[in-house]
Every structure is written in structure tokens, then in C-alpha cells.
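Undergrad: Chains as they are written, first to last, in the numbering used here: chain B, 1 to 177; chain U, 1001 to 1177.
Heads up, the beta-carbon is just placed ideally off N, CA and C, and yes, glycines get one too.
There are 2 protein chains.
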Amino acid sequence: MLCFSEIILENILQRRSVRNFTGEMVEHSLLMTLLRAAMAAPSARNRQPWTFVAITDRSTMDSLAKGLPFTKMLYKAGAAIVVCGDSTINLQDGATDLWYQDAAAASQNILLAAHALGLGAVWSALFPYEDRSGHVRQIIGLPGHINPFSIIPVGYPTGEDLPKDKFRPERIHWERW
Amino acid sequence: MLCFSEIILENILQRRSVRNFTGEMVEHSLLMTLLRAAMAAPSARNRQPWTFVAITDRSTMDSLAKGLPFTKMLYKAGAAIVVCGDSTINLQDGATDLWYQDAAAASQNILLAAHALGLGAVWSALFPYEDRSGHVRQIIGLPGHINPFSIIPVGYPTGEDLPKDKFRPERIHWERW
């Protein structure tokens, strides 16, 4: 019997980027769970500068795929989440902008929650690429103050994507370099 | 009885930034588990551009705290992990550098794994701040090609830091903005 901590650590270690989906749609209630996980991420000064567009419409996902050279898996995904930063929140106190770090933490939470639910997901970068961001902005109608950070295709895995062991002890230094 | 997915989601939702530690040391074996979780994060093109310095030495943590205005919790932490990017890996194929997004995903995995183990942790930004990065670089002897991204004090929580419900349904847009 696995204890709670082992179950959670296994989820972190076994999660992999899933690029091969069955094409089955993903229910709204599951997407809500992913979004709840996203918003549980930490953010600099707890500013929570994020906002999300959840997409299940087939033709929107196809249009997004068309202009995103590295995100063709959208054609078979059951949903997609665009993680964005709201620059009116980012800059509200004039602090240096860490919104993209907060959006990255939220993106990672989505991937882990998807894996926990038996879904697959893959983080595809939009920021800082103007061409990719501009395409997404146009298709889903993002206003100027909303900056797309990542697009995460979500779906039911075909089983082709396998976990990798990426542990490299030589990347750990103890006490100092 | 909670099912596996509920246990994992609860860990994501209940995790909070822990700034109040008992002062008890954190064992090497637990830090290894955190670092294993960190390296299970996804990275752009699977380049895994990260490297880590794990610190348990009291006087090193005190020296770090001295020069980091927002990371005074190091004085009571049981350990600290500095998440870094190795610019010789980042730039190896001349691609635009996404190392800080990869380092952010690794940082989030550390926070979640710490919570799973009954530890507390808090993500403190070093990048893109020259002053904070420079201080850390000097104390732990980072060479020029290693760029500090975050410092994560880790320790046993006093219990003062409580989870926050940060779910905001108004931050979710369906299908398009």
C-alpha cells in the first residue's frame, strides 16, 4: 500500500508530456479541476496575475493548430488551455514584472493535475514569441493587456508517450558549487 | 477513502508558501527526493537546462539571508535549494532561451514535493534581479555560466502558514475572450 506522499511523488515522477491523444473530448468539469489547480500556484507577492481561456471547440483548436508550428497535437486534443498574464495586474504596484514565472508555475500545476486525472497534456510555449502569441491572440480575441504565456493541449493519451527518467545526480551540488 | 487523484489534487490545492520554520534540519535523503521531483519537470525541447545547489550548512544559509531582503526565512530554514540554469546547455542549439520557464517548472515541483513530505517551502525569486543573483553567486561560488533562478528555503513548518483559496472563476474564459 502506497502512502499519500508516495502517491503524490509518483504523479510528479511519472508525468510526461503527452503529444498523442485519442481525439476524445474532455469534459468541462475536468477542465475546471485543472484550472482550480492552476490558480493554486504561488505567485510573486501573491498577485495572481493569471487568466485562462479554456477551449473545447473543435474548429477553434484546428485554427490554433494551423498557425502554431510546434503545437500540431491540438488537432487531436480534447481541449486546450491558454495560460495568460493580465498586465493590468502584473504592473499594479510598479514592481518588476514576474508574471511569466507565476504563469509557469500555474502551467506546471495543470500538467500535474491532468496526469492525476488520467489525462495527458503538453506545455507549448507562446511567450516570448511574437508570431505564436499574435496568432493565438487573434483566434481567441485576446485584448491588448492580456498576454498569452503557454498553450496546453489536453486529452486522453493513446499510451504512446512514456515517462522518461531525467534524474541526473551530477546536476546536484552540495553546499556550494 | 480518498482515491489517488484526490490525494494528488489535494496536495496541489493545499500547498502554501511556508515562511515560518521550526529550525529543525532537513535530511539529505528528503532533499534528494525534492531534487528528483525537480528534474522530472518538463523543459523546452527536453534540454533539461537546470542545475541545483542544495545547502544545509547553517552559516551558508545565514550568509545568504544577510544579502537577500525578501528571503530572511533562511535564518530558520532547515535547508535551501538554489535552482539554476546552465547557459552552456540553454544555448547549445542557438534557440531562443526558455531556461527560466524550465527552471520555474522545476521550482514548482520542489514546492509540491516538499508539501507531500510534510515539509514547507517558499519560492523566492533571484532572476532577473542582478543584486540578489550576484549575492548568491558570490556566497556559493557559482561560475559565470550558471545563472541562479530561484532560492527555495525548505524546512519543517511551525503551522503558522495556512493555505489560501485562490480560485477565481472570473479568471476563466470559455472558448474565447
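Of all the CB atoms in chain U, is at least one closer than 8 Å to the CB of B/Gln138?
TA: By this cut-off, B/Gln138 is not an interface position.
Undergrad: Where does the unbroken beta strand (DSSP E) through B/Asp131 begin, and where does it stop?
TA: No beta strand (DSSP E) holds B/Asp131; the alpha helix (DSSP H) holding it covers 130-140.
Undergrad: Assign U/His1173 to one of three DSSP states: helix, strand, or coil.
TA: The answer is strand: DSSP assigns U/His1173 an E or B state.
Undergrad: Is the separation between the beta-carbon of B/Phe52 and that of U/Arg1171 shorter than 8 Å?
TA: Yes, the Cβ-Cβ distance between B/Phe52 and U/Arg1171 is below 8 Å.
Undergrad: How far does the beta strand (DSSP E) with B/Ser150 in it reach, from first residue to last?
TA: Taken as a continuous stretch (DSSP letters only), the beta strand (DSSP E) holding B/Ser150 covers 146-155.
Undergrad: Quick one: does B/Lys72 have its CB under 8 Å from some CB of chain U?
TA: Cβ-Cβ to chain U under 8 Å: no for B/Lys72.
Undergrad: Could you tell me which residues DSSP pairs with B/Asp86 in its beta bridges?
TA: DSSP output for B/Asp86 lists B/Ile146 as bridge partner(s).
Undergrad: Name, going along the chain, the residues of the region 1017-1037 of chain U whose beta-carbon falls closer than 7 Å to a beta-carbon of chain B.
TA: Result list: Ser1017, Thr1033, Leu1035, Arg1036, Ala1037.
Undergrad: Indicate the three-state DSSP secondary structure (helix, strand or coil) for B/Phe70 in the structure shown.
TA: B/Phe70: coil per DSSP, three-state reduction.
Undergrad: What are the partner residues of U/Ala1054, as DSSP defines its beta bridges?
TA: U/Ala1054 pairs with B/Trp174, U/Ile1081.
Undergrad: Starting from B/Thr33 and walking both ways along the alpha helix (DSSP H), at which residues does that stretch end?
TA: Taken as a continuous stretch (DSSP letters only), the alpha helix (DSSP H) holding B/Thr33 covers 28-39.
Undergrad: Check this for me: beta carbons of U/Ala1065 and U/Lys1072, under 8 Å apart or not?
TA: Yes.
Undergrad: In chain order, what residues of the same chain lie with their CB nearer than 7 Å to the CB of B/Asn109, ignoring the 5 residues before and after it?
TA: For B/Asn109, where only same-chain residues beyond five positions count, the Cβ hits under 7 Å are Ala37, Ala38, Ala40, Ala41.
Undergrad: Give a yes or no on contact between the region 1142-1152 of chain U and the region 137-152 of chain B, applying the rule of three or more CB pairs nearer than 8 Å.
TA: No, they do not touch.
Undergrad: Could you spell out where the alpha helix (DSSP H) holding U/Leu1112 opens and where it closes?
TA: That run of the alpha helix (DSSP H) goes 1099-1116.
Undergrad: If the cut is a Cβ gap below 8 Å, which residues of chain D does B/Thr158 touch?
TA: Among the protein chains in the structure shown, which are B and U, there is no chain D.
Undergrad: Short of 7 Å Cβ to Cβ, which residues in the region 163-176 of chain B face chain U?
TA: If the cut-off is 7 Å between Cβ atoms, the region 163-176 of chain B has Lys166, Phe167, Arg168, Arg171, Ile172, His173, Trp174, Glu175, Arg176 near chain U.
Undergrad: Is the separation between the beta-carbon of U/Asp1012 and that of B/Ala106 shorter than 8 Å?
TA: The question names Asp, but residue 1012 of chain U in the sequence shown is Ile. No, the Cβ-Cβ distance between U/Ile1012 and B/Ala106 is not below 8 Å.
Undergrad: Just to make sure I have the definition right: I need the residues of chain U whose C-beta is within less than 8 Å of the C-beta of B/Leu91. Which are they?
TA: Correct list: empty, because the minimum Cβ distance to chain U is about 15 Å.
Undergrad: Work out the CA separation of U/Gly1134 and U/Ser1087 for me, nearest whole Å.
TA: Near 16 Å, if we compare the C-alpha coordinates of U/Gly1134 and U/Ser1087.
Undergrad: Find the residues of chain U that neighbour B/Ile55, judging by a C-beta separation of less than 7 Å, and give them in chain order.
TA: Near B/Ile55 (Cβ distances below 7 Å), the residues of chain U are Glu1175.
Undergrad: If the cut is a Cβ gap below 7 Å, which residues of chain B does U/Gly1141 touch?
TA: What U/Gly1141 touches in chain B: Arg176, Trp177.
Undergrad: Taking buried to mean at least 16 other C-beta atoms within 10 Å of its own C-beta, is B/Met61 buried or exposed?
TA: B/Met61 is buried by the Cβ-count criterion.
Undergrad: Using alpha carbons as the reference points, say which of B/Gly85, B/Val26, B/Asp165, B/Gly118 lies closest to U/Ser1005.
TA: Taking only the C-alpha atoms, the option nearest U/Ser1005 is B/Gly118.
Undergrad: From B/Arg168 to U/Met1032, what distance separates their C-alpha atoms?
TA: Rounded to whole angstroms, B/Arg168 to U/Met1032 spans 11 Å at the Cα level.
Undergrad: Could you confirm whether any beta carbon from chain U is found closer than 8 Å to the beta carbon of B/Ala40?
TA: Yes, contact with chain U.
Undergrad: Counting only beta-carbon atoms, is U/Ala1116 nearer than 8 Å to chain B?
TA: Closer than 8 Å to some Cβ of chain B, the Cβ of U/Ala1116 qualifies, so yes.
Undergrad: Apart from the five residues just before and just after B/Leu142, which ones in its own chain have a Cβ nearer than 6 Å to its Cβ?
TA: Hits under 6 Å: none found.
Undergrad: Any beta carbon from chain U within less than 8 Å of B/Leu13's own beta carbon?
TA: Taking Cβ atoms only, chain U reaches closer than 8 Å to B/Leu13, which makes this a yes.
Undergrad: Go to U/Ser1005, then tell me how far its alpha helix (DSSP H) extends in each direction, as first and last residue.
TA: Run containing U/Ser1005: 1004-1014, per the alpha helix (DSSP H) assignment.
Undergrad: Give every residue of the same chain whose Cβ lies closer than 6 Å to the Cβ of U/Thr1158, excluding the five residues on either side of it in the sequence, and list them in chain order.
TA: Closer than 6 Å at the Cβ level, and outside the excluded window around U/Thr1158, lie Asn1020, Thr1022.
Undergrad: Nearest to B/Trp123 by alpha carbon, out of U/Glu1130, U/Ala1104, U/Val1122?
TA: Nearest of U/Glu1130, U/Ala1104, U/Val1122 to B/Trp123, Cα basis: U/Ala1104.
Undergrad: Between B/Thr88 and chain U, is any beta-carbon pair separated by less than 8 Å?
TA: Chain U, which has no Cβ nearer than 8 Å to the Cβ of B/Thr88, makes this no.
Undergrad: So, helix, strand or coil for U/Ser1063, using DSSP?
TA: U/Ser1063 falls in the helix class under three-state DSSP.
Undergrad: Using a Cβ cut-off of 9 Å, which residues of the region 1099-1112 of chain U contact any Cβ in chain B, in chain order?
TA: Flagged, chain order: Tyr1100, Gln1101, Asp1102, Ala1103, Ala1104, Ala1105, Ala1106, Ser1107, Gln1108, Asn1109, Leu1111, Leu1112.
Undergrad: Run down chain B in chain order and give the residues with a C-beta less than 7 Å from the C-beta of U/Ser1005.
TA: Result: Ala116, Leu117.
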